[in-house]
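Counted the way this note's numbering counts, the sequence shown spans residues 24 to 413.
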Amino acid sequence: MNLKNDFIRHLQNSFEGLKNQPLDSLISENLLSSFTVELPRGLLAEIQKTVAMLFSLREKKSYQDFYSEELQKLGIKDPGNKSICMSYDFHVTPEGHLRLIEINTNASFLALGYEMYRMRNVDLPVSDFSSDEIRRDIETELELQGKTPDSHLSVAIIDDHPDQQRLFCEFLLYDEYFKSWGWKSTISDFRDVDLNNNQFIYNRYTDFFLSGPASANLKKAFLDRQVCLSPNPYEYFLLADKQRLIDWSDAINLTKWEVSNEDQKWILSVVPVSRDIHSGTHDEIWGQRKTLFFKPKRAYGSKQSYKGASISRKAFEEIVGQEFIAQEYVQASGKVFDTPNGPQSFKYDLRCYAYQGRLQMVVARLYQGQVTNLRTPYGGFACVEFSDSK
Numbered sequence: 024m025n026l027k028n029d030f031i032r033h034l035q036n037s038f039e040g041l042k043n044q045p046l047d048s049l050i051s052e053n054l055l056s057s058f059t060v061e062l063p064r065g066l067l068a069e070i071q072k073t074v075a076m077l078f079s080l081r082e083k084k085s086y087q088d089f090y091s092e093e094l095q096k097l098g099i100k101d102p103g104n105k106s107i108c109m110s111y112d113f114h115v116t117p118e119g120h121l122r123l124i125e126i127n128t129n130a131s132f133l134a135l136g137y138e139m140y141r142m143r144n145v146d147l148p149v150s151d152f153s154s155d156e157i158r159r160d161i162e163t164e165l166e167l168q169g170k171t172p173d174s175h176l177s178v179a180i181i182d183d184h185p186d187q188q189r190l191f192c193e194f195l196l197y198d199e200y201f202k203s204w205g206w207k208s209t210i211s212d213f214r215d216v217d218l219n220n221n222q223f224i225y226n227r228y229t230d231f232f233l234s235g236p237a238s239a240n241l242k243k244a245f246l247d248r249q250v251c252l253s254p255n256p257y258e259y260f261l262l263a264d265k266q267r268l269i270d271w272s273d274a275i276n277l278t279k280w281e282v283s284n285e286d287q288k289w290i291l292s293v294v295p296v297s298r299d300i301h302s303g304t305h306d307e308i309w310g311q312r313k314t315l316f317f318k319p320k321r322a323y324g325s326k327q328s329y330k331g332a333s334i335s336r337k338a339f340e341e342i343v344g345q346e347f348i349a350q351e352y353v354q355a356s357g358k359v360f361d362t363p364n365g366p367q368s369f370k371y372d373l374r375c376y377a378y379q380g381r382l383q384m385v386v387a388r389l390y391q392g393q394v395t396n397l398r399t400p401y402g403g404f405a406c407v408e409f410s411d412s413k
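Laid out in structure tokens, this is it:
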């Protein structure tokens, strides 16, 4: 079975506009894994509980008020809408416990993942999810801004040089989705997007706070609610900025936000302890480094991430005082699969997509090495089956 070729045929047979696209060059050999990760159904309920609980925390006035001064300094205000296509990324410990690694507002692979399940004829983890739910989410986003979505909606998909992005094929897929719903859809560089004639912008650009000079026009349109931008800086700040992992792992904060004792226990059990790295914690954190994982607060795709057990003193000194967090190291679980080269062990994490407090879909990422890389032979994105017998 050549999974890449089968996937290309599935996409081109399903979407007329993809038949003339160079998908062979846009889809990498190790994007998809032919393996399926089997897990107990109870874990799916735990994922949904965590998603709902953290979104409920985000909705609390006490939580939003806690950050009002910092948001004001950043020049960010509530646009009314939330963020489509978010993901909560988890590790499952060897004991079967769920641990949150990070949250992404610009998560990739929801649309491609849905098509992967369809192509492989594997039951979706959330059985009633469909691509049409993305349409309803976008309509909800507009309604949250007091706008009335119509059948001729104009939508833009934006990124930094989108045709150079690793998953440009997913932009093409969303473009097909939008057009199939009767919408006018374009894929644009964030610098060139038409802010006057697009009511909704699906944002995959990773200047999360729109703080760069090149983002000034987009930020103004966002703040003025000229366009409905989703995901957006406000949602990123409240849920996906890795500083939140530090804040959530502190019981004092949870008490300030009037989180119940029961919910506090759950959040503290799921969120690994995370800390700032600065001169006051420098020596202590260095001494504990083998139990920690270091990553930037506002990066993506495992960029500049270090396993504490292997970080050099020089690299550590360079990140002290920078925008990095030291997170309790959570070992990823592994599974052994039979490959053409014999049995091999793969690590995996779970990427769990959600809109507001609703879990929508789950995929696994199989890999070997320190971090997910989509370069491991026989690894890549994989379907997940949750069952009572696992």
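All C-beta atoms, glycine included, are put in the ideal place defined by N, C-alpha and C. Source: prediction; values computed, not measured.
Between M142 and D29, the C-beta gap is smaller than 8 Å, which places the two residues in contact. The Cβ atoms of Y257 and P102 sit closer than 8 Å to each other. Linking A179 to P172 through their CA atoms gives a straight-line distance of about 15 Å.
Relative to the Cα of K265, the nearest Cα in the group F58, Y111 and L233 belongs to Y111. Looking from the CA of I342, the closest CA among S211, I99, H305 and Q222 belongs to H305. For a cut-off of 8 Å, the C-beta gap from I157 to I107 is around 7 Å, short enough to register as a contact. For the 8 Å CB-CB criterion, T116 and Q354 form a contact. By the Cβ-count criterion, G402 is buried, with 16 or more other Cβ atoms from all chains shown falling within 10 Å of its own Cβ.
Taking F78 as reference, the option from V407, L233 and Y378 with the minimal CA-CA separation is Y378. According to the DSSP assignment, G136 belongs to the alpha helix (DSSP H) that extends over L133 to R143. In this structure, P319 sits away from E340, with a CB-CB distance that is not shorter than 8 Å. Around the Cβ of N129, a 10 Å sphere holds 16 or more other Cβ atoms; the residue is buried. Note that the stretch 373 to 391 touches the stretch 47 to 65; at least 3 beta-carbon pairs, one per stretch, sit closer than 8 Å. Put simply, of D299, P400 and F232 the residue whose alpha carbon is nearest the alpha carbon of E93 is F232. Listed in chain order, the alpha helix (DSSP H) elements of length 4 or more contained wholly in the stretch 192 to 261 are 239 to 246.
The C-beta distance from L123 to V294 rounds to 5 Å, short enough to fall under 8 Å.
In this structure, L34 lies away from S131, with their beta-carbon atoms at least 8 Å apart. A Cβ-Cβ separation of about 30 Å leaves L135 out of contact with L80 under the 8 Å criterion. One thing to note: S85 has its Cβ no nearer than 8 Å to the Cβ of E285.
As DSSP reads the structure, E351 sits in a beta bridge with L315. C-alpha of N127 to C-alpha of P366: approximately 33 Å in a straight line. C-alpha of N36 to C-alpha of Q44: approximately 12 Å in a straight line.
The continuous stretches of alpha helix (DSSP H) do not include F360, which lies in the beta strand (DSSP E) extending over residues G357 to T362. Assignment of G98 by DSSP, reduced to helix, strand and coil, places it in the coil class. Residue K105 holds the alpha-carbon nearest to the alpha-carbon of R248 among L26, G40, L41 and K105. Annotation for K84: no beta strand (DSSP E) segment contains it, though the alpha helix (DSSP H) segment containing it runs K84 to F89.
Each of A332, N219 and R298 was checked against the Cα of G344, and the nearest Cα belongs to R298.
If you draw a straight line from the Cα of C192 to the Cα of S48, it comes to about 10 Å. For the stretch 141 to 173, the continuous alpha helix (DSSP H) assignments of 4+ residues that do not extend past its boundaries occur at 154 to 167, in sequence order.
When the beta-carbon positions are compared, K313 and A332 come within less than 8 Å of each other. A straight-line Cα-Cα distance of about 28 Å links D273 and S335. Boundaries of the beta strand (DSSP E) around I124: L121 to N127. When the five nearest sequence neighbours on each side are left out, the beta carbons in the same chain lying within less than 8 Å of the beta carbon of Q383 are those of L133, V149, F152, E156, Y376 and A377, in order along the chain. In the three-state reduction of the DSSP assignment, Q383 falls in the strand class, which pools E and B.
G235 and R227 have their C-alpha atoms roughly 15 Å apart.
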